[in-house]
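The working numbering puts the first residue of the sequence shown at 7, with every later residue one more than the last.
The structure under discussion appears below in the form of structure tokens.
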Amino acid sequence: MTAKKAAKKPHVDKKTAKKIMDALCERYPDADCELTFDSTWQLLTAVILSAQCTDQQVNKVTSKLYAKYPTAKSLAEADLEHIKEIVRPTGYFNAKATNIQNCAQALVTKYGGEVPTTLEELVELPGVGRKTANVVLGVAHGEPGWTVDTHVQRLCKRLGFSQETDPYKIELELQKLFPEQDWTQYSITIIWHGRRCCYARKPDCNACPVNDLCPSAFLEA
């Protein structure tokens, strides 16, 4: 006997997608960036450190990091080994420490220690990709953008927003599906839902406010 091939989850239409996001926004009216920061540079640094790490753990680490190195200039001039020791709990600390210091050095050299305000400039910085750039632009400057992290990738597939696996292709599909002014808030709302209900291994479909609209409801529970 041959194994039954799993049916590909369908794309939902714009009307259904709007209903899903309306329901999620109602469930999480206070959804906001959960990283702690006092400046755009601190936000940028925290987002780089957040890869493969929880925001709670990043916040514990950055409270120590920013107390010692409160500005891009101070981090740029710091001892790299000391930076590694501080950021070790976030995982991949060798690469992350190098990235945040190289990023700080680039900011000091090219922008006087300030964080640029365009996507094109941000993605040229060490350790910064589109996801990180969109977080900074959206949270710090109110510029609409999709943060396609692992939560958004997973939920977009489950909810039928996109079946793409490449983050940039997912971003392009989401741009077509939803109004531009909602991109940043929708990103954060989806992330909150992924952290609080639509878990990676066992989504809590019974507690989900969109289980009547989601094409994956109860299939992965």
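Just so you know, even glycine gets a beta-carbon here, dropped at the ideal spot from N, CA and C.
Membership of Thr190 in the alpha helix (DSSP H) is indicated by the continuous run Trp189 to Arg202.
With a cutoff of 9 Å on beta-carbon distance, Phe43 and Thr68 are scored as near each other.
Between the region 79-97 and the region 34-42 there are fewer than three C-beta pairs closer than 8 Å, too few to call the two in contact.
Exclusion of the five residues before and after Gln111 leaves Ala82 as the residues of its chain whose Cβ lies within less than 6 Å of its Cβ. Thr171 counts as exposed, since fewer than 16 other beta carbons sit within 10 angstroms of its beta carbon. When C-beta atoms of the region 91-100 are compared with those of the region 113-133, fewer than three pairs fall below 8 Å, so the two segments do not count as touching. Assigned with DSSP and collapsed to three states, Tyr98 falls in coil, not helix or strand. Proximity to Thr115 across Lys79, Gln181, Thr190 and Leu180 peaks at Lys79, based on C-alpha coordinates. DSSP, reduced to helix, strand and coil, places Glu186 within a helical segment of the structure shown.
In this structure Lys137 is buried. Its beta-carbon is surrounded by 16 or more other beta-carbon atoms within 10 angstroms. Taking 9 Å as the cut-off, the Cβ atoms of Gly97 and His157 do not count as close. Around Leu113, the same chain offers Ala78 and Gly119 as residues with beta carbons nearer than 6 Å, after the five sequence neighbours per side are excluded. Val134 sits in coil when the DSSP states are folded into three classes, being neither helix nor strand. Cβ-Cβ distances below 8 Å link Asn105 to Ile54, Pro132 and Gly133 in the same chain, with the five nearest sequence neighbours on each side left out; the list follows chain order. By the Cβ neighbour-count rule, Thr190 is buried, with 16 or more other Cβ atoms within 10 Å of its own. If only complete runs of 3 or more residues are kept, the region 138-169 shows no beta strand (DSSP E) anywhere. With a beta-carbon spacing of about 26 Å, Val64 and Phe167 fall beyond the 8 Å limit used to define contacts.
Take the alpha-carbon of Pro35 and the one of Lys66: they are about 25 Å apart. Inclusion of Leu161 and Ile196 in the CB contact set at 9 Å is warranted, their separation being smaller than that value.
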